[in-house]
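K.L.:
Position 57, counted from 1, in the sequence shown is what this note's numbering calls 236; the numbers after and before it change by one each time, with no gaps. Below: one structure in structure tokens.
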Amino acid sequence: MKQSKTKVIGITGGIGSGKSTVMDMLHRKYGAGIIVADRLGHLSMEKDTATYFRMIEEFGEDILDNNRNIDKNRLSEILLASEEKLKIQNSIVHPFVINLIKAKIEDYKEEGKNIVAVESAILFETDCDKLCDEVWLVTADTGVRIERLASDRGYTYDKAEAFICRQKSDDFFIKRCSRVIYNNGDIENLSKQLEKCIED
Numbered sequence: 180m181k182q183s184k185t186k187v188i189g190i191t192g193g194i195g196s197g198k199s200t201v202m203d204m205l206h207r208k209y210g211a212g213i214i215v216a217d218r219l220g221h222l223s224m225e226k227d228t229a230t231y232f233r234m235i236e237e238f239g240e241d242i243l244d245n246n247r248n249i250d251k252n253r254l255s256e257i258l259l260a261s262e263e264k265l266k267i268q269n270s271i272v273h274p275f276v277i278n279l280i281k282a283k284i285e286d287y288k289e290e291g292k293n294i295v296a297v298e299s300a301i302l303f304e305t306d307c308d309k310l311c312d313e314v315w316l317v318t319a320d321t322g323v324r325i326e327r328l329a330s331d332r333g334y335t336y337d338k339a340e341a342f343i344c345r346q347k348s349d350d351f352f353i354k355r356c357s358r359v360i361y362n363n364g365d366i367e368n369l370s371k372q373l374e375k376c377i378e379d
């Protein structure tokens, strides 16, 4: 058991499962401190940071736009085309993000937050699950996830399906998570599931 009264909950699951909805509900209904790994990852690309210069060193100046900002589309094209370059990128970004997550958890503890929620699709792959007291899987039917990606991000069916197929299966998560939250779009049902998770 941790000394702190703060409970750190990892929120994970595949693309389009609705992790952001769960995070929003935890924040609004339960006052949880929110940490979203993707948002922190974007900070690693900010101009003149150490990680910014390392990316230019590894991938060349072709990844920069006219204002010398990292062009995320150009970078993602490089990473999609090469597993090796994706590994290099992860070795730059992941330690940066993990350090920020650790610092933000401590900040929230000092603020006296009862709950801190850490959202990441790759919580286990980056060992961030070890920073959490519990990890909850958010999942939804594949068809629902594809519809969300189409409406929220403008993905085609094929692109949405390709993204889903590239990620870990629910079986991978279910074996490792304390709880499973089904989020097929019924907000009332989602709210009841979260209430049960919080109260147990």
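Ideal Cβ positions, reconstructed from N, Cα and C, are used throughout, including at glycine. All values reported here derive from a predicted model rather than from experimental measurement.
Could you check the C-alpha separation between Tyr334 and Ile325 for me, to the nearest Å?
P.N.:
For the purposes of this step, residue 334 is identified with residue 155 of the sequence shown, where counting begins at 1. For the purposes of this step, residue 325 is identified with residue 146 of the sequence shown, where counting begins at 1. Near 8 Å, if we compare the C-alpha coordinates of Ile325 and Tyr334.
K.L.:
Closest by CA to Leu205, which one among Gly189, Asp337 and Asp217?
P.N.:
Here residue 205 refers to the residue found at position 26 when the sequence shown is read from its first residue. Out of Gly189, Asp337 and Asp217, Gly189 has the C-alpha closest to the C-alpha of Leu205.
K.L.:
Of all the alpha helix (DSSP H) runs that stay within the bounds of the region 232-304, which reach a length of 4 or more residues?
P.N.:
As far as the region 232-304 is concerned, its whole alpha helix (DSSP H) runs of at least 4 residues are 251-260 and 262-290.
K.L.:
Please classify Lys181 as buried or exposed, where buried requires at least 16 other C-beta atoms within 10 Å of its C-beta.
P.N.:
By one-based count along the sequence shown, residue 181 stands at place 2. Residue confidence for Lys181 is low, a pLDDT of 41 falling below 50, so the modelled location carries little weight and cannot support an answer.
K.L.:
Which same chain residues end up closer than 7 Å to Asn248 when comparing Cβ atoms and leaving out the 5 residues on each side of it in sequence?
P.N.:
Reading the sequence shown from its first residue, position 69 is the one you call residue 248. Closer than 7 Å at Cβ, skipping near neighbours: Lys226.
K.L.:
Quick one: grab the DSSP three-state call for Tyr336.
P.N.:
Within the sequence shown, numbered from 1, the residue matching residue 336 stands at position 157. Helix.
K.L.:
Along the alpha helix (DSSP H) that carries Ile366, what are the first and last residues, could you check?
P.N.:
Counting from one through the sequence shown, the residue named residue 366 turns up at place 187. Ile366 to Glu378 is the extent of the alpha helix (DSSP H) around Ile366.
K.L.:
Going by DSSP, what residues sit across from Glu225 in a beta bridge?
P.N.:
Translated into positions along the sequence shown, residue 225 becomes position 46. Per DSSP, none; premise fails for Glu225.
K.L.:
Could you check how far apart the C-beta atoms of Arg253 and Ile242 are, in whole angstroms? I think they sit under 8 Å.
P.N.:
To locate residue 253, count along the sequence shown from 1; it is residue 74. To locate residue 242, count along the sequence shown from 1; it is residue 63. Contact holds; Cβ gap of about 5 Å.
K.L.:
Using the C-alpha atoms, what's the distance from Asn246 back to Ala300?
P.N.:
Taking the sequence shown and counting its residues from 1, one reaches residue 300 at position 121. Taking the sequence shown and counting its residues from 1, one reaches residue 246 at position 67. C-alpha separation (whole angstroms): 31 Å.
K.L.:
In chain order, what residues of the same chain have a beta carbon less than 7 Å from the beta carbon of Lys186, not counting five sequence neighbours either side?
P.N.:
As a working mapping, residue 186 is identified with position 7 in the sequence shown. Closer than 7 Å at the Cβ level, and outside the excluded window around Lys186, lie Asn293, Ile294 and Asp312.
K.L.:
Throw me the rounded Cβ distance for the Leu316 and Ile360 pair, which I believe falls under 8 Å.
P.N.:
Here residue 316 corresponds to residue number 137 of the sequence shown, with the count starting at 1. Here residue 360 corresponds to residue number 181 of the sequence shown, with the count starting at 1. Their Cβ separation, rounded to whole angstroms, is 7 Å, which keeps Leu316 and Ile360 in contact under 8 Å.
K.L.:
Using the three-state DSSP reduction, which class does Thr321 fall into: helix, strand or coil?
P.N.:
Residue mapping note: residue 321 aligns to position 142 of the sequence shown, counting from 1. Helix, per DSSP.
K.L.:
Since Gly212 sits in a beta bridge, which residues does DSSP pair it with?
P.N.:
Within the sequence shown, numbered from 1, the residue matching residue 212 stands at position 33. Answer by DSSP bridge pairing, in chain order: Val295.
K.L.:
Could you check whether Ile343 and Gly192 sit closer than 8 Å to each other, using their CB atoms as the reference points?
P.N.:
By one-based count along the sequence shown, residue 192 stands at place 13. By one-based count along the sequence shown, residue 343 stands at place 164. No, they are not a contact pair.
K.L.:
Reducing DSSP to helix, strand and coil, say where Arg139 ends up.
P.N.:
What the structure shows of the chain is the stretch from 180 to 379, and residue 139 is not part of that stretch, so it cannot be assessed.
K.L.:
Helix or strand or just coil, what does DSSP make of Ile343?
P.N.:
As a position in the sequence shown, residue 343 is number 164, starting the count at 1. Helix, per DSSP.
K.L.:
Between Ala211 and the rest of its own chain, which residues show a CB-CB distance below 6 Å, the 5 nearest in sequence each way excluded?
P.N.:
Residue 211 sits at position 32 when you count from the first residue of the sequence shown. Excluding sequence neighbours, Ala211 sits near Leu205, Ile294 and Ala296.
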